[in-house]
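In order, the protein sequence lines correspond to chains A and B.
To convert, note that position 348 of the first sequence is 348 in the numbering used here; the numbers rise steadily by one, no gaps.
To convert, note that position 136 of the second sequence is 136 in the numbering used here; the numbers rise steadily by one, no gaps.
Even for Gly, the Cβ is constructed at its ideal location relative to N, Cα and C.
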Amino acid sequence: MGLGVAELRQAAWYPVASSDDLPFRHVYHGQLLGQELAIWRADDGNVNVWENRCLHRGVRLSIGINDGAELKCQYHGWRYANRTAGCTYIPAHPADAPARRITNRTYPVKERFGLVWAALSPEAPEPELAEAGFALRPMPVNALPEMVLTALMRRRLAGGAVTALPPLGAALVLEGTPGRASYFVQPVDSARAVIRGVVDTEPDLETLLAFNAALSALRDEVEVEARAIELPEPIVPRYEPVSVELATMPDLVIGRQATVRVKVKRRWQAALDVTGIELVPLSGHLPTFQPGAHIDLHLSNGMVRQYSITNGPGELLSYTIAVKREADSRGGSAAITDTLREGDVLAVSEPRNNFPLRRDALRTTFIAGGIGLTPLLSMARALQRQGLAFDFHAFARSEGHLPLGPELEALGGGVTRHFGLGPAETAAQIRHALGPHSFSRHAYICGPGPMLELARGLATELGWPDEAVHYEYFKNTHEIDTSSSFVVELARSALSLAVPAGKSILEVMREAGIDAPSSCEQGACGTCLTRVLEGEIDHQDVYLNATEQASGNVMMTCVSRAKSARLVLDI
Amino acid sequence: MAITLYDFELSAGCYAARLMLSILGVRYDTVSVDIYPGSDNRSEWFLKLNPEGTLPVIVDDGFTVSNAHPCLIHLAGKYDATDRWSPIHDPLVHPLMLGWFDFARRLTASAGVARTGVAFGGDADLPALQLEAHRLLRQLDEHLWFGEKQGRDWLVEGEHPTIADIAVFPDVTLSEEGGVSRQDYPAIRRWLDRVRRIPGFVVMSGVFPAAPAYSPLR
Chain A
1 MGLGVAELRQ
11 AAWYPVASSD
21 DLPFRHVYHG
31 QLLGQELAIW
41 RADDGNVNVW
51 ENRCLHRGVR
61 LSIGINDGAE
71 LKCQYHGWRY
81 ANRTAGCTYI
91 PAHPADAPAR
101 RITNRTYPVK
111 ERFGLVWAAL
121 SPEAPEPELA
131 EAGFALRPMP
141 VNALPEMVLT
151 ALMRRRLAGG
161 AVTALPPLGA
171 ALVLEGTPGR
181 ASYFVQPVDS
191 ARAVIRGVVD
201 TEPDLETLLA
211 FNAALSALRD
221 EVEVEARAIE
231 LPEPIVPRYE
241 PVSVELATMP
251 DLVIGRQATV
261 RVKVKRRWQA
271 ALDVTGIELV
281 PLSGHLPTFQ
291 PGAHIDLHLS
301 NGMVRQYSIT
311 NGPGELLSYT
321 IAVKREADSR
331 GGSAAITDTL
341 REGDVLAVSE
351 PRNNFPLRRD
361 ALRTTFIAGG
371 IGLTPLLSMA
381 RALQRQGLAF
391 DFHAFARSEG
401 HLPLGPELEA
411 LGGGVTRHFG
421 LGPAETAAQI
431 RHALGPHSFS
441 RHAYICGPGP
451 MLELARGLAT
461 ELGWPDEAVH
471 YEYFKNTHEI
481 DTSSSFVVEL
491 ARSALSLAVP
501 AGKSILEVMR
511 EAGIDAPSSC
521 EQGACGTCLT
531 RVLEGEIDHQ
541 DVYLNATEQA
551 SGNVMMTCVS
561 RAKSARLVLD
571 I
Chain B
1 MAITLYDFEL
11 SAGCYAARLM
21 LSILGVRYDT
31 VSVDIYPGSD
41 NRSEWFLKLN
51 PEGTLPVIVD
61 DGFTVSNAHP
71 CLIHLAGKYD
81 ATDRWSPIHD
91 PLVHPLMLGW
101 FDFARRLTAS
111 AGVARTGVAF
121 GGDADLPALQ
131 LEAHRLLRQL
141 DEHLWFGEKQ
151 GRDWLVEGEH
161 PTIADIAVFP
171 DVTLSEEGGV
181 SRQDYPAIRR
191 WLDRVRRIPG
201 FVVMSGVFPA
211 APAYSPLR
């Protein structure tokens, strides 16, 4: 009869829930044409309609935890971001950033007239609806969706006008109801439907009861009919693989890439010498990021600079970064703070995370020096959202030098501010903040080089193991010694390349047509981390900790070199 | 004062007793009674305690009370000093509470029997039991949906939940183990969230905590 499943899939938008079905921190269990849906509203008001299936073990996400910014699977705790459904955290791998292709399937969604609408096909035309509406109590019916529509037409008030609302609906006056309503039949499955009625003035309780009684009677009648016929098999849900864009290797482009276009929505003075910049997508939302992630900004003068995303989890309508104008700027920070205007369009890289946050520590300590608080702010926001314990120590020359003060304020009682301290006082405060190491404590440190060295040294002194001390340098201030020359063998590519003095391994590989990811290209950010199979490494970066450097099996190809004549890389 | 709960982890009725004890913050000892596969409830020693052979049984300072609803009435009556969980002196509340106890019994006889049938085997007529369970859940969803429209969060009128909510909750929250989906009952799913946010709520096998949110209770 009528339209087949394929046509119904393509045809249109369907209501899948009432707006009232999505209260604070709830996950609604929906279904459309056999496809189960997890529907939830984030605290920012955004409604997510996702395939009801965790990508890990297939458990329904509708029994998961809506924490207001992320949805957490009940089974092994994988977390997915509001808007993108990108995975942000895998508890079994607390020290790693999840791959970007771990992204759940999302459906387009609109919220209108007291109902939440979704489309299984992105090409579906926009829903055409009345201007105002209030949802009646939805009425689930165990019958073929088209039988339900037929019954609605049959039980309309004799002589009343009918307006068709394709593909499965009609506006009419139903017998026994106080007035005209638009009825949309949601095809849940081949033999299940929900009647979703909308009226155009806010109904009082008596009106709602009257509509409910009429729809209940209609349901009972249709269900009797449905029991008399042979019902079709349930629709087999389609589990489509992740999009081609996510599943395939990106096109080979040598060098740093800037695939995302953003617009400067707002710039403001975030502290003395610090400019706050809010970047928004040209349309839709921005890619998933995890706390600690940074983006490369490609500037009009050809320079590329890294800035940490400061946002909290699930905030993908904009990235907020903070840029400090360096007195000795080589042109990067000056180009941003002096010439960037609101409305300018910029090219940025996808977010990259080489500074991932563990979300399983009993207590996390953040130590931020000046502008170094940017990645830590994003991390603290994630822990705050999850109700995990942290303390945040922000060091600055003066209150006026403290970037993003109001944002820091919002983190609450765990924040301590330290202004204008000399080296000895700073050391005393850091020592106090860290204390002796105890089980399941982690520290995240970001700030100027000398402060980082100090904090790392103190942590070691206080018995903190390397794996509990996480840090990110702004830049590598060491003089890079490029005087050595050696041979690198690329084991997977079956290539031998001679690296002469004055050139980095990364540069030599690129000249040979080997693409390798990189970002800061000064041994600070961690993007070009490469496994080493053989040879003695001459570490010159500030990304790897002492234990990692001593292991001899990883290196940063942008600055580090070989002490031996030959180095074998896993590339 | 010592309370002993004779308990079977997978029993919905025992879960109701554990919930009430935990919510009221009452300390108790547990004696595990293995109904399946052990049939401990048919053993001589247990039948001396409760000749019916049913769980839960609470022995409180020498006073013995059997089955979920009497246990709830006893616990709320004795340990809820505020009288909010079981306001038996309120003629507008008490009869409604008893009505929900009847509803809970019908749910146990349908959704509950379907669940134990699936879990432990036996000759339960699953389709008939599931049909009856859906009939009851439709009523419950309608009651709760219109309750929300009138500002009522719980089964019975009032700001605070009652032992009626605790009596009905276990068989509803475990219904899917008996093949009774709650997908068509969004108002029930929201009420389950509210119950799971009551301070002192505990989970059991197959029951997950709700996302933290504002609890209407303090």
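At 8 angstroms on the CB atoms, spell out the chain B contacts of residue i, in chain order.
i, result
"A:Gln74", "Phe208"
Under a Cβ-count criterion, where at least 16 other Cβ atoms within 10 Å of its own Cβ denotes burial, should residue i be classed as buried or exposed?
i, result
"A:Met1", "Note that A:Met1 scores a pLDDT of 45, beneath 50, so its modelled location is shaky; the value from the coordinates is reported in the next line. Exposed."
"A:Phe184", "buried"
"A:Asn572", "The question about residue 572 of chain A has no answer, for chain A in this structure spans 1 to 571."
"A:Lys563", "exposed"
"A:Ala624", "Limits of chain A in this structure are 1 at one end and 571 at the other, which puts residue 624 of chain A out of reach."
"A:Asp541", "buried"
"B:Trp100", "buried"
"A:Glu572", "What the structure shows of chain A is the stretch from 1 to 571, and residue 572 of chain A is not part of that stretch, so it cannot be assessed."
"A:Ser483", "exposed"
For residue i, name the three-state secondary structure that DSSP assigns.
i, result
"A:Arg79", "strand"
"A:Ala171", "strand"
"A:Met556", "strand"
"A:Arg261", "strand"
"B:Tyr6", "strand"
"A:Asp220", "helix"
"B:Val65", "strand"
"B:Tyr15", "helix"
"B:Arg218", "Caution is warranted here: a pLDDT of 46 is assigned to B:Arg218, below 50, making its placement in the model unreliable, and the coordinate value is therefore given only provisionally. Coil, per DSSP."
"A:Ile63", "helix"
"A:Asn353", "coil"
"B:Val156", "coil"
"A:Gly133", "coil"
Show which residues of chain B have a CB atom less than 7 angstroms away from the CB atom of residue i.
i, result
"A:Pro140", "Asp184"
"A:Leu205", "Lys149 and Gln150"
"A:Asp21", "Pro186"
"A:Arg137", "Trp145"
State yes or no: is the beta carbon of residue i nearer than 8 angstroms to at least one beta carbon in chain A?
i, result
"B:Ala213", "yes"
"B:Asp193", "yes"
"B:Met135", "The sequence given here has Arg at residue 135 of chain B, not Met. Cβ-Cβ to chain A under 8 angstroms: no for B:Arg135."
"B:Ser175", "no"
"B:Tyr15", "no"
"B:Arg190", "yes"
"B:Arg218", "Any answer about B:Arg218 is weak, because its pLDDT of 46 lies below 50 and its placement is not dependable; what the coordinates show is given next. So, not an interface residue."
Residues of chain B with a CB under 9 angstroms from the CB of residue i: which are they?
i, result
"A:Asn66", "Ala211 and Ala213"
What do you reckon, is the C-beta of residue i under 7 angstroms from a heavy atom of the ligand FAD?
i, result
"A:Glu399", "By its list of ligands, the structure shown contains no ligand whatsoever, and the ligand FAD lies outside what it can speak to."
If we define contact as Cβ-Cβ less than 8 angstroms, is residue i a contact residue for chain B?
i, result
"A:Ile63", "yes"
Please report whether the beta-carbon of residue i lies at a distance below 8 angstroms from any beta-carbon of chain C.
i, result
"A:Ala443", "Given the protein chain composition of this structure (A and B), no chain C is represented."
#### Entry: Proximal residues, the segment 23 to 39 of chain A versus chain B, C-beta separation under 7 angstroms
Taking 7 angstroms as the Cβ-Cβ cut-off, the segment 23 to 39 of chain A approaches chain B at Pro23, Phe24, Arg25, His26, Tyr28, His29 and Gln31, given in chain order.
### Task
Determine which residues of the segment 141 to 161 of chain B have a Cβ less than 8 angstroms from any Cβ of chain A, and write them out in chain order.
Of all residues in the segment 141 to 161 of chain B, those with a C-beta nearer than 8 angstroms to a C-beta of chain A are Glu142, Trp145, Phe146, Glu148, Lys149 and Gln150, reading in chain order.
### Query
What are the residues of the segment 383 to 405 of chain A that lie near chain B, defined by any Cβ-Cβ distance shorter than 8 angstroms?
Residues Gly387.
### Query
Which residues, in chain order, does the segment 181 to 209 of chain A contribute to contact with chain B at a C-beta distance below 9 angstroms?
Cβ proximity to chain B below 9 angstroms picks out Val188, Arg192, Val194, Leu205, Leu208 and Leu209 from the segment 181 to 209 of chain A.
### Query
At a Cβ cut of 7 angstroms, what residues of the segment 93 to 123 of chain A count as close to chain B, listed as they run along the chain?
Cβ contacts with chain B: none found.
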